[in-house]
Amino acid sequence: MTETTHVLLVANRTAMTAALRAEVEKRASNGPATFHLLVPASPSGLHRLVDPEVAGREEATARMDQALVALGEAAGSPVTGEVGDSDPIAAIHDALHAATFDEIVISTLPKRVSRWLHLDLPSKARGFGLPVTHIESMPAGESVAA
């Protein structure tokens, strides 16, 4: 019997991208897998200045709720999820202490616009001792300004 792989997906604005869905599909087709979506409560736009905690949680919850359906379809089974700390490293740390995972998939915006890449999130996440896959993509309808 094949062991089930437990995958922690970390995404915010990219939680609904085709690239993340493709990663989930690929892993699900490789054998039994469970997926847990972690959406750090990072506020965007003016919300960073005006009530960032509340706005960040509301935005993250809305993204997570939408993404869980699409990711569940890609996985072929329900995907669980949670909104985490606004600091993505702290959020990953908390998730890893709450459950057991075999790998981490981090989905970010492209380098030019990604705050997480400027924080070197994929490298820092490797410090938890699990394999880390990093994918970059833009949400549908968004583009990187020239």
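Quick note: to get the numbering used here, add 8 to the position in the sequence shown (first position is 1).
For glycine and all other residues, C-beta sits at the position ideal for the given N, C-alpha and C.
Being a predicted model, the structure only gives us computed values, none of them experimental.
Asked	Found
Is the Cβ-Cβ distance between Val-32 and Leu-79 less than 7 Å?	yes
Can you name, in chain order, every residue of its own chain whose Cβ lies under 7 Å from the Cβ of Leu-54, other than the five neighbours on each side?	Low confidence applies here, because Leu-54 scores a pLDDT of 49, under 50, leaving its location unreliable and the question unanswered by this model.
Using the C-alpha atoms, what's the distance from Thr-10 back to Ser-115?	27 Å
What ranges does the beta strand (DSSP E) occupy inside the segment 70 to 152, keeping only unbroken runs of at least 3 residues that lie completely in it?	88 to 92, 111 to 116 and 140 to 144
Closer than 7 Å by C-beta to Thr-22: which residues in its own chain qualify, once you throw out the five before and the five after it? Chain order, please.	Leu-28, Ser-115, Thr-116, Leu-117, Ser-145 and Pro-147
Determine the contact status of Thr-12 and Pro-40, defining contact as a CB-CB distance below 7 Å.	yes
Between which two residues does the beta strand (DSSP E) holding Ala-49 run?	It is not in any beta strand (DSSP E) - Ala-49 carries neither H nor E in the DSSP assignment.
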